[in-house]
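Peer 1: Protein sequence lines correspond, in order, to chains X and D.
Just so we're aligned: the first sequence equals residues 1 to 298 in UniProt numbering.
Just so we're aligned: the second sequence equals residues 1 to 298 in UniProt numbering.
Glycine included, C-beta positions come from ideal geometry on N, C-alpha and C.
2 protein chains.
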Amino acid sequence: MIFIGIDGSGPGLRVRVEAEDGVGLSSATGPAVSLTLGTGKAWQMVLETLSAALKPLGQATETLTDARIVLALPGLNLPAQQQLFTALNPLPGIIWTCPDSYAALVGGLGDQPGSVILLGAGSVLAARRADGTWYEIGGWGFPTGDEGSAAWLGQQLVTLTQRALDGRQPWEPLTRLCYGLWGGAWDAFFEQVATATQADYAALAAPIAEMAAAEDALAQLLLTEAGREVGAMAAAADPDARLPLALTGPLAPVLAPYLPPEATARLIAPEGTALDGALRLARAPEPPPAARGRRLVG
Amino acid sequence: MIFIGIDGSGPGLRVRVEAEDGVGLSSATGPAVSLTLGTGKAWQMVLETLSAALKPLGQATETLTDARIVLALPGLNLPAQQQLFTALNPLPGIIWTCPDSYAALVGGLGDQPGSVILLGAGSVLAARRADGTWYEIGGWGFPTGDEGSAAWLGQQLVTLTQRALDGRQPWEPLTRLCYGLWGGAWDAFFEQVATATQADYAALAAPIAEMAAAEDALAQLLLTEAGREVGAMAAAADPDARLPLALTGPLAPVLAPYLPPEATARLIAPEGTALDGALRLARAPEPPPAARGRRLVG
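Here is the structure:
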């Protein structure tokens, strides 16, 4: 028996294979997998990265029967999506699937109650109650949700750049930088805006973070607004501010200094990543809970 | 010789055919045409609605040589798009094309200097300077631009509904209405959000306007914010607030009462619509100016 965790919470897929005793056997990374590509294409991409991780072990996906696999992907928090995706499993054995937010929760807090906020291209909070049940806050996706995420930051910046371009507000160093990155000419910028994807917006978070580190006022303002959004998610999950809060994902170190004080006071370092969570779930006696981890209010 | 105006600025295509002496001969309406459908599909849809308008006259598009046609569509303000689209003209004669904002400017103000703001699913300001040249402000498109438009209003409301759904803010009558309109159940709402188009967001503007008319505070707040955005476009076009300003498009009557005072003071009734503008341009001796009507600032 081997244990395999597959995590799609970041900008690319990550696979890790472990032996029964917990020793790491191999790992691989691949391109980002999104269910919006279609279920067949998403499975194909998962299989390719999994194959790469199995190759050094002399294993192939077609004969992978003696394995416990947990696959965590964004988008699996919609029950219909999760059922469809899981039903089309092309592997010979059973594969457990769960939303990436759930893997981040288990990786970050284990079984403890509290919240983990996954901050990457998107953003979502996963919380565990004292009774063990869980729920999500945020994570509604681009372009109306995922507040405070990398794509959300990029969206704000592109809107500000448009406003500078036609004189609704003055140019700033950060909007000039964005204009340059997206073509540096009116036609090129318009074309880029017309075809931009969530990933294109998310790619602007790195230059925003760099400018903020260099004390740029607008970049710091955007990160402060993102931090406020993250704080609003944390406050909704735990209005009494009593339970631990962990940030994970590529944007976590960028936004941690920008959280409001109530959230900062609850902040703990996560035990591990969403990939660690997927491996922990692979070793659990039962499959992860059904996709729906939503707290319905009102 | 007949004159034909074709206007795609609203929720559907509008065609009007006039005789030399200005008498209306026929008209037709069709589905909305967007260049994002692809150039071939967009032309096909234009031809279908044009055919419907020509039928009562015993004319067919294939033999339409003795006509002057102006076709105004959103998206034609990107020069590469306009060149590609115009080059693929399947009609036997010449057809002049222009951005819908330019047709709205000519329809609203004729040759006078001033600004016309086209308020529909999207939003864009077209302004004429005293020297006759023109430029646009806004109109960068969904989801980062088109501030104050119907799609923009719908976007704001969906974000607020998401926040209410997971407890980041209290429910309000308007967010409950939105939740009901978009499925009334968590899964259905999530699915609708995941697949929503600009038109889906724009369709929420009508219920927002109805609730505002019924004194709903949140609906009035959203319209006030939209009015402020429209005011920012007007102020950027004319910082000294000296030239006339006209609003046109389906959202114009909804937003007019919500403009800031500086914009209200400049407000005049438009002479006509974008369709009137297209017909006026069809009678002009020269084709409309090239697509690019952008004022580059800084």
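Helix, strand or coil for isoleucine 268 of chain X? Go by DSSP, reduced to three states.
Peer 2: Residue mapping note: residue 268 of chain X aligns to position 268 of the first sequence, counting from 1. DSSP places isoleucine 268 of chain X in coil when its eight states are reduced to three.
Peer 1: Report buried or exposed for glycine 298 of chain D, applying the criterion of at least 16 other Cβ atoms within 10 angstroms of its Cβ.
Peer 2: Translated into the one-based positions of the second sequence, residue 298 of chain D becomes position 298. Since pLDDT at glycine 298 of chain D reaches only 47, below the 50 mark, its modelled position is unreliable, and the value read off the structure follows with that caveat. Per the 10 Å Cβ criterion, exposed.
Peer 1: Please tell me whether isoleucine 137 of chain X has its Cβ less than 9 Å away from any Cβ of chain D.
Peer 2: Along the first sequence, one-based indexing puts residue 137 of chain X at 137. True, the Cβ-Cβ gap to chain D drops below 9 Å.
Peer 1: Just to confirm my understanding: we take threonine 29 of chain X, look at its own chain, exclude 5 residues before and 5 after, and list those with CB closer than 6 Å. What are they?
Peer 2: By one-based count along the first sequence, residue 29 of chain X stands at place 29. Closer than 6 Å at the Cβ level, and outside the excluded window around threonine 29 of chain X, lie Gly12 and Arg14.
Peer 1: Rounded to the nearest angstrom, how far is the Cβ of leucine 109 of chain X from that of glutamate 271 of chain X, given a contact under 8 Å?
Peer 2: Here the question's residue 109 of chain X lines up with position 109 in the first sequence. Here the question's residue 271 of chain X lines up with position 271 in the first sequence. Correct: roughly 7 Å between the Cβ atoms.
Peer 1: Using a cut-off of 8 Å between C-beta atoms, extract the partners of valine 193 of chain D located in chain X.
Peer 2: The sequence position of residue 193 of chain D within the second sequence is 193, counting from 1. Ordered by position in chain X, the residues that pass the 8 Å Cβ test against valine 193 of chain D are Trp140, Gly141, Thr144 and Gly145.
Peer 1: Counting only beta-carbon atoms, is glycine 298 of chain D nearer than 9 Å to chain X?
Peer 2: Within the second sequence, the letter at position 298 stands for residue 298 of chain D. Residue placement at glycine 298 of chain D is flagged as unreliable, the pLDDT there being 47, under the threshold of 50; a coordinate-derived value is accordingly withheld.
Peer 1: Could you say if the region 115-134 of chain X and the region 241-249 of chain X meet the contact criterion of at least three C-beta pairs nearer than 8 Å?
Peer 2: Yes: at least three Cβ pairs fall under 8 Å.
Peer 1: So with CB distances below 7 Å, who are the chain X contacts of residue 299 of chain D?
Peer 2: Lying outside 1 to 298, the shown extent of chain D, residue 299 of chain D is not represented and no answer is given.
Peer 1: Any C-beta of chain X sitting closer than 9 Å to the C-beta of threonine 49 of chain D?
Peer 2: To locate residue 49 of chain D, count along the second sequence from 1; it is residue 49. Chain X contact via Cβ: absent.
Peer 1: Does the beta carbon of glycine 40 of chain X sit closer than 9 Å to a beta carbon anywhere in chain D?
Peer 2: As a working note, residue 40 of chain X is residue 40 in the first sequence. False, the Cβ-Cβ gap to chain D never drops below 9 Å.
Peer 1: Closest Cβ-Cβ distance between alanine 80 of chain D and chain X: below 9 Å?
Peer 2: Stepping through the second sequence from its first residue, residue 80 of chain D is reached at position 80. Alanine 80 of chain D counts as touching chain X.
Peer 1: In three-state terms, what does DSSP make of proline 113 of chain D?
Peer 2: The residue you call residue 113 of chain D lines up with position 113 of the second sequence. Coil.
Peer 1: When the Cα of tryptophan 186 of chain X is compared with those of D/Pro79, D/Val158 and D/Trp182, which residue comes out closest?
Peer 2: Here the question's residue 186 of chain X lines up with position 186 in the first sequence. Closest by alpha carbon: D/Pro79.
Peer 1: If contact is defined by three or more beta carbon pairs under 8 Å, each pair taking one atom from either stretch, is the region 187-205 of chain D in contact with the region 163-176 of chain X?
Peer 2: Counting Cβ pairs under 8 Å, fewer than three are found: no touch.
Peer 1: Methionine 233 of chain X touches chain A at which residues, Cβ-Cβ below 9 Å?
Peer 2: The chain labelled as chain A is not found among the protein chains of the depicted structure, namely X and D.
Peer 1: Step through the CB atoms of chain X and report whether any lies within less than 9 Å of the CB of arginine 163 of chain D.
Peer 2: By 1-based counting over the second sequence, the position of residue 163 of chain D is 163. It does: the Cβ of arginine 163 of chain D has a partner Cβ on chain X nearer than 9 Å.
Peer 1: Under DSSP, the beta strand (DSSP E) around glutamate 18 of chain X begins and ends at which residues?
Peer 2: Locating residue 18 of chain X in the first sequence gives position 18, where the first residue counts as 1. Looking at the DSSP string, the run of the beta strand (DSSP E) that includes glutamate 18 of chain X is 12-18.
Peer 1: Out of curiosity, what's the CA-to-CA distance linking alanine 212 of chain X and alanine 194 of chain D?
Peer 2: As a first step, residue 212 of chain X is located in the first sequence; it is residue number 212 there, counting from the start. As a first step, residue 194 of chain D is located in the second sequence; it is residue number 194 there, counting from the start. Those two C-alpha atoms are separated by around 32 Å.
Peer 1: So that I know if they touch, is there some Cβ in chain X lying closer than 9 Å to that of glutamine 44 of chain D?
Peer 2: The residue you call residue 44 of chain D lines up with position 44 of the second sequence. Not an interface residue.
Peer 1: For proline 31 of chain X, which option in X/Asp7, X/Gly183 and X/Val23 has the closest C-alpha, if you only look at C-alpha atoms?
Peer 2: As a first step, residue 31 of chain X is located in the first sequence; it is residue number 31 there, counting from the start. Of the candidates X/Asp7, X/Gly183 and X/Val23, the one whose C-alpha sits nearest the C-alpha of proline 31 of chain X is X/Asp7.
Peer 1: Measuring only between beta-carbons, confirm whether aspartate 187 of chain X sits less than 9 Å from chain D.
Peer 2: Numbered from 1 along the first sequence, position 187 holds the residue referred to as residue 187 of chain X. Taking Cβ atoms only, chain D reaches closer than 9 Å to aspartate 187 of chain X, which makes this a yes.
Peer 1: I want to verify the contact list: residues of chain X whose CB lies under 8 Å from the CB of alanine 269 of chain D, in sequence order.
Peer 2: Locating residue 269 of chain D in the second sequence gives position 269, counting from the first residue. Those within 8 Å of alanine 269 of chain D in chain X number zero; the least Cβ separation is about 25 Å.
Peer 1: Against chain X, which members of the region 20-41 of chain D pass a CB distance test of less than 7 Å?
Peer 2: Taking 7 Å as the Cβ-Cβ cut-off against chain X, none of the residues of the region 20-41 of chain D qualify.
Peer 1: Going by the DSSP bridge assignment, what does valine 124 of chain X pair with across the sheet?
Peer 2: On the first sequence, residue 124 of chain X is found 124 positions in, with the first residue counted as 1. Valine 124 of chain X pairs with X/Leu118 and X/Gly138.
Peer 1: Does alanine 236 of chain X have its Cβ less than 9 Å from a Cβ in chain D?
Peer 2: Taking the first residue of the first sequence as position 1, residue 236 of chain X is located at position 236. For alanine 236 of chain X, the answer is yes, since a Cβ of chain D falls inside 9 Å of its Cβ.
Peer 1: Taking the C-alpha atoms as reference points, what is the distance between proline 288 of chain D and alanine 60 of chain D?
Peer 2: Along the second sequence, one-based indexing puts residue 288 of chain D at 288. Along the second sequence, one-based indexing puts residue 60 of chain D at 60. Going by the C-alpha atoms only, they are around 25 Å apart.
Peer 1: Which residue comes first and which comes last in the alpha helix (DSSP H) that contains valine 158 of chain X?
Peer 2: In the first sequence, the residue the question calls residue 158 of chain X occupies position 158. Its alpha helix (DSSP H) spans residues 150-165.
Peer 1: Does the region 230-238 of chain D come close enough to the region 257-268 of chain D to have 3 or more Cβ pairs within less than 8 Å?
Peer 2: These segments touch.
Peer 1: Whole beta strand (DSSP E) runs in the region 195-225 of chain D with 3 or more residues, listed along the chain?
Peer 2: Here no run is fully enclosed.
Peer 1: Examine the Cβ distances between the region 139-149 of chain X and the region 220-229 of chain X and report whether three or more of them are shorter than 8 Å.
Peer 2: Yes, the region 139-149 of chain X touches the region 220-229 of chain X.
Peer 1: So, does the region 272-279 of chain X touch the region 100-107 of chain X, judging by three or more C-beta pairs under 8 Å?
Peer 2: Judged by Cβ distances under 8 Å, the region 272-279 of chain X makes contact with the region 100-107 of chain X, as three or more pairs qualify.
Peer 1: Look at the Cβ atom of proline 99 of chain D, then the Cβ atom of leucine 73 of chain D, and state whether they are nearer than 9 Å.
Peer 2: Locating residue 99 of chain D in the second sequence gives position 99, where the first residue counts as 1. Locating residue 73 of chain D in the second sequence gives position 73, where the first residue counts as 1. Their beta carbons are under 9 Å apart, which means proline 99 of chain D touches leucine 73 of chain D by this criterion.
Peer 1: Terminal residues of the continuous beta strand (DSSP E) containing proline 99 of chain D?
Peer 2: Working through the second sequence from its first residue, we reach residue 99 of chain D at position 99. Run containing proline 99 of chain D: 95-99, per the beta strand (DSSP E) assignment.
Peer 1: What number of angstroms, rounded off, separates the C-alpha of isoleucine 208 of chain X from the C-alpha of tryptophan 43 of chain X?
Peer 2: Working through the first sequence from its first residue, we reach residue 208 of chain X at position 208. Working through the first sequence from its first residue, we reach residue 43 of chain X at position 43. Near 33 Å, if we compare the C-alpha coordinates of tryptophan 43 of chain X and isoleucine 208 of chain X.
Peer 1: Comparing the C-beta of glutamine 59 of chain D with each C-beta of chain X, is any distance below 9 Å?
Peer 2: For the purposes of this step, residue 59 of chain D is identified with residue 59 of the second sequence, where counting begins at 1. No, its Cβ sits nowhere closer than 9 Å to a Cβ of chain X.
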